Amino acid sequence: MPTVNQLVRKGRVKIQKKTSTPALTGSPQRRGVCVRVYTSTPKKPNS
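The opening residue of the sequence shown carries number -1 in our numbering; numbering runs sequentially from there.
Rendered as C-alpha coordinates:
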(Lines of atoms letter the chains of each structure in order from A and count residues from 1; the text may use other names and numbers.)
(Lines give C-alpha, C1' and ligand atoms only; values in the text may rest on other atoms or scores of the structure.)
Protein backbone atom coordinates (compact mmCIF):
# COMPACT_ATOMS: atom_id res chain seq x y z
CA MET A 1 0.00 0.00 0.00
CA PRO A 2 1.48 3.38 -0.97
CA THR A 3 2.18 6.09 1.54
CA VAL A 4 0.33 9.41 1.51
CA ASN A 5 3.45 11.13 0.19
CA GLN A 6 3.68 8.70 -2.75
CA LEU A 7 0.02 9.29 -3.62
CA VAL A 8 0.52 13.05 -3.52
CA ARG A 9 3.53 12.86 -5.82
CA LYS A 10 2.28 10.32 -8.36
CA GLY A 11 -1.41 9.75 -7.79
CA ARG A 12 -3.48 6.91 -9.10
CA VAL A 13 -3.96 6.16 -12.79
CA LYS A 14 -7.60 5.76 -13.80
CA ILE A 15 -8.36 2.69 -15.88
CA GLN A 16 -9.54 3.69 -19.36
CA LYS A 17 -12.73 1.83 -20.28
CA LYS A 18 -12.68 0.39 -23.80
CA THR A 19 -15.89 0.86 -25.80
CA SER A 20 -17.39 -2.02 -27.72
CA THR A 21 -18.18 0.27 -30.69
CA PRO A 22 -15.21 2.56 -31.29
CA ALA A 23 -16.59 3.84 -34.60
CA LEU A 24 -19.59 5.44 -32.88
CA THR A 25 -17.62 7.47 -30.33
CA GLY A 26 -17.93 10.70 -32.31
CA SER A 27 -21.56 10.27 -33.38
CA PRO A 28 -23.89 8.46 -30.95
CA GLN A 29 -26.96 9.29 -33.05
CA ARG A 30 -25.84 6.80 -35.71
CA ARG A 31 -26.53 3.82 -33.52
CA GLY A 32 -29.71 1.95 -34.42
CA VAL A 33 -31.31 -1.47 -34.30
CA CYS A 34 -32.66 -3.25 -37.38
CA VAL A 35 -36.02 -4.72 -36.43
CA ARG A 36 -36.49 -6.68 -39.65
CA VAL A 37 -35.02 -6.95 -43.15
CA TYR A 38 -37.40 -7.71 -45.96
CA THR A 39 -38.15 -7.05 -49.66
CA SER A 40 -41.48 -5.43 -50.42
CA THR A 41 -43.55 -6.56 -53.40
CA PRO A 42 -44.21 -3.90 -56.06
CA LYS A 43 -47.55 -2.10 -56.04
CA LYS A 44 -50.05 -3.03 -58.74
CA PRO A 45 -50.35 -0.05 -61.18
CA ASN A 46 -46.71 -0.02 -62.28
CA SER A 47 -46.55 -3.66 -63.30
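Quick reminder that beta carbons are idealized off the backbone N, C-alpha and C, glycines included.
Nothing here was measured: the structure is a model prediction, and the numbers come from that model.
| Check | Outcome |
| --- | --- |
| For R28, the first and last residue of its enclosing alpha helix (DSSP H) | Looking at the DSSP string, R28 is not in any alpha helix (DSSP H), and its letter there is neither H nor E. |
| Whole-angstrom distance between V35 and R28, CA atom to CA atom | 18 angstroms |
| Three-state secondary structure (DSSP) of V6 | helix |
| Rounded separation between G9 and M(-1) - CA only | 13 angstroms |
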